[in-house]
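Engineer: Residue numbers (my numbering): 1 to 567. Built from N, CA and C at the ideal position, the CB exists for glycine as well.
Printed below as a string of structure tokens:
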């Protein structure tokens, strides 16, 4: 029997105080599934108490309110790390928690509109809503059900088939089936149990097959820099030298190892880069812009003299073009000869951090921004694959795709790289997590980024202010360093990964905190994985199928109700 059939429209007055118990239980189990505890096995049962509750013959209004309460009790502690960024972020923290918690009663609403068993209807609805939350208003793709399984590598390998949504669907199916069994429907759901168990076994077998494959040939030696620079220093224009000094010192240190690429984190280079688009009419270019762009050649010359290798700089940029002047959050690639050879501009902007939604209609929304000045940026125009030369290769190039800030948490952002004729050989994430001062945000961010590596079947190098900088292979494994040293003169941690292999050790979760809130440099040989990913080619087919299926079942159910005999 479905939820829609279980709950009649009118019910007598009932005591409902007990509803807080299953709702609170689901909230706590789901919270414990993520960092700081990361008890991923709880994800398979976390929503069972809530799903059991919504099957009870309780008035719909009370169930909707209790479901919203369940979501709120989960998202308020889960998102509490946002508040440490800035006092004004308390508003954003509570506002985002209120918004995300609405997806619980919305899930109940969609479930009540269709006549299907929970083991089918719940994963279908939950994945559809995860997709909506990941895309609406630029999207917020954190705390998906799949993310509870980030450290269960055999299970999450199916992400290269259906994305993280495929993992969410499987975990949601188990939750739905368990809730129906708890509600006394085991006999009716024996076939469902066999199907669900079969899918889990199939996922594990597929995962083991993928994990048994090689992860590619040896690629570039990358030096991913990690400062431990507080955001208050970075925001102060009078503190540019203290903000950039750790990265200059780390670059000097890294250059001694002759890396192919040195990576600075997001916006860590303190001076804005100015560029003039080729399509800009000559009479629209102010003289000062021509002067600035000429002076900027000194940046390349300085990099050439000091480090003599390719360097990827995270910085703010301003562009002058037919659309006028626009500001971007950018990754600028400078070649060993000092020329700026490519730039990626961030596409997914963080609401209230990098733009204020609806600010023209509701100016008071600026209160949610952590800045006391205007810091809106424009959205980037595309996904250029950046290239830098291979040493002693006769002109061959390494190719990579850049992701800035939380773009490595969004399933949809990297996909356009892989619709190109010649896709990148690996991915690079530049991020500034210095806002969050050593909270569990650092671990959760790294955990989510594992799914991008699997979905694209590409290694992912992360260079993150305040951490956690890491190398993730194409199987989603966070690779453990082979050696960790302290560079006393830099007060920095240096960790090295030689060419990783299939048998390379995974960095245990308990050791992740050791690589945050510290200055450091990751020297890693990046594997060039060339395996094909179905998800990277086809995109978000699964969540669209979930929405289409729900619409078809809703339409069918509505027609049945219209043609049902009246009493």
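Considering only residues of the same chain and omitting the five flanking positions on each side of residue 442, which have a CB-CB separation below 6 Å?
Structural biologist: Closer than 6 Å at the Cβ level, and outside the excluded window around residue 442, lie 433, 467, 468, 516.
Engineer: Just to confirm, is the Cβ distance from residue 310 to residue 343 under 8 Å?
Structural biologist: Not in contact: residue 310 and residue 343 (Cβ atoms no closer than 8 Å).
Engineer: In whole angstroms, what is the alpha-carbon distance linking residue 568 and residue 99?
Structural biologist: This structure does not reach residue 568, given that the chain is present from 1 up to 567, and the question cannot be answered.
Engineer: Between the region 470-483 and the region 279-299, can you find at least three pairs of beta-carbon atoms closer than 8 Å?
Structural biologist: With the cut-off at 8 Å, the region 279-299 and the region 470-483 do not touch.
Engineer: Helix, strand or coil: how does DSSP classify residue 91 here?
Structural biologist: Here residue 91 sits in helix by DSSP.
Engineer: CB-CB under 8 Å to residue 562, same chain, minus the five flanking residues each way: which ones, in chain order?
Structural biologist: Once the five neighbours on either side are set aside, residue 562 has no close Cβ partner at all.
Engineer: Taking the alpha-carbon positions, what's the residue 364 to residue 85 distance?
Structural biologist: At residue 364, the pLDDT of 48 sits below 50, so the modelled position is not reliable and the matter cannot be decided from this model.
Engineer: May I ask which residues mark the beginning and end of the alpha helix (DSSP H) holding residue 136?
Structural biologist: First-last for residue 136: undefined, no H or E at that position.
Engineer: Report the partner residues of residue 460 according to the DSSP bridge assignment.
Structural biologist: In DSSP, residue 460 forms a bridge with 427, 472.
Engineer: Residue 485 bridges to which residues according to DSSP?
Structural biologist: Answer is 494.
Engineer: How long is the line joining the alpha carbons of residue 205 and residue 24, rounded to whole angstroms?
Structural biologist: Computed Cα separation, rounded: 35 Å.
Engineer: Within 10 angstroms of the Cβ of residue 555, are there 16 or more other Cβ atoms? Answer buried if so, exposed if not.
Structural biologist: So residue 555 counts as exposed.
Engineer: For residue 8 and residue 550, I'd like the C-alpha separation in whole angstroms.
Structural biologist: Residue confidence for residue 8 is low, a pLDDT of 48 falling below 50, so the modelled location carries little weight; the figure read from the coordinates is stated next. Taking the straight line from one Cα to the other gives about 21 Å.
Engineer: Considering only DSSP beta bridges, list what residue 392 is partnered with.
Structural biologist: For residue 392, which the question treats as bridged, DSSP gives no partner whatsoever.
Engineer: Only counting the same chain, and skipping five residues up and downstream in sequence, which positions put a Cβ closer than 8 Å to that of residue 542?
Structural biologist: Counting only Cβ-Cβ distances below 8 Å, and skipping sequence neighbours, we find 127, 162, 163, 165, 166, 169.
Engineer: Would the beta-carbon of residue 207 fall within 8 Å of that of residue 155?
Structural biologist: A contact, by the Cβ cut-off of 8 Å.
Engineer: Is residue 497 buried or exposed, if buried means 16 or more other CB atoms sit within 10 Å of its CB?
Structural biologist: With 16 or more other Cβ atoms within 10 Å, it is buried.
Engineer: Give me the DSSP bridge partner(s) of residue 206.
Structural biologist: In DSSP, residue 206 forms no bridge with anything.
Engineer: Which same chain residues end up closer than 6 Å to residue 494 when comparing Cβ atoms and leaving out the 5 residues on each side of it in sequence?
Structural biologist: Within the same chain, residue 494 has close Cβ partners 485, 487, 521.
Engineer: List in chain order: all unbroken alpha helix (DSSP H) runs of 4+ residues lying wholly within the region 16-64.
Structural biologist: DSSP runs (the alpha helix (DSSP H)) wholly in the region 16-64: 20-33, 48-53.
Engineer: Would you mind sorting residue 89 into buried or exposed? The rule is 16 or more other CB atoms within 10 Å of its CB.
Structural biologist: Result: buried.
Engineer: Mind checking whether residue 429 and residue 403 have CB atoms under 8 Å apart?
Structural biologist: Cβ atoms of residue 429 and residue 403: closer than 8 Å.
Engineer: So, with DSSP's three-state summary, where would you put residue 311?
Structural biologist: In the structure shown, residue 311 sits in a strand (DSSP, three-state: E or B).
Engineer: Does the beta-carbon of residue 213 have 16 or more other beta-carbons within 10 angstroms, so that it is buried, or is it exposed?
Structural biologist: Looking at its Cβ environment, which holds fewer than 16 other Cβ atoms inside 10 Å, residue 213 is exposed.
Engineer: Taking buried to mean at least 16 other C-beta atoms within 10 Å of its own C-beta, is residue 537 buried or exposed?
Structural biologist: Exposed, by the Cβ-count rule.
Engineer: Quick one: any contact between the region 143-157 and the region 435-451, if contact means 3 or more CB pairs under 8 Å?
Structural biologist: The region 143-157 is in contact with the region 435-451.
Engineer: Would you decide whether residue 291 is buried or exposed? Buried here means 16 or more other CB atoms lie within 10 Å of its CB.
Structural biologist: Answer is exposed; the Cβ neighbour count stays below 16.
Engineer: DSSP three-state label for residue 192, please.
Structural biologist: Looking at residue 192 - three-state DSSP - the assignment turns out to be helix.
Engineer: Specify, as a first and last residue, the run of the alpha helix (DSSP H) that residue 109 falls within.
Structural biologist: Residue 109 -> alpha helix (DSSP H) spans 103-112.
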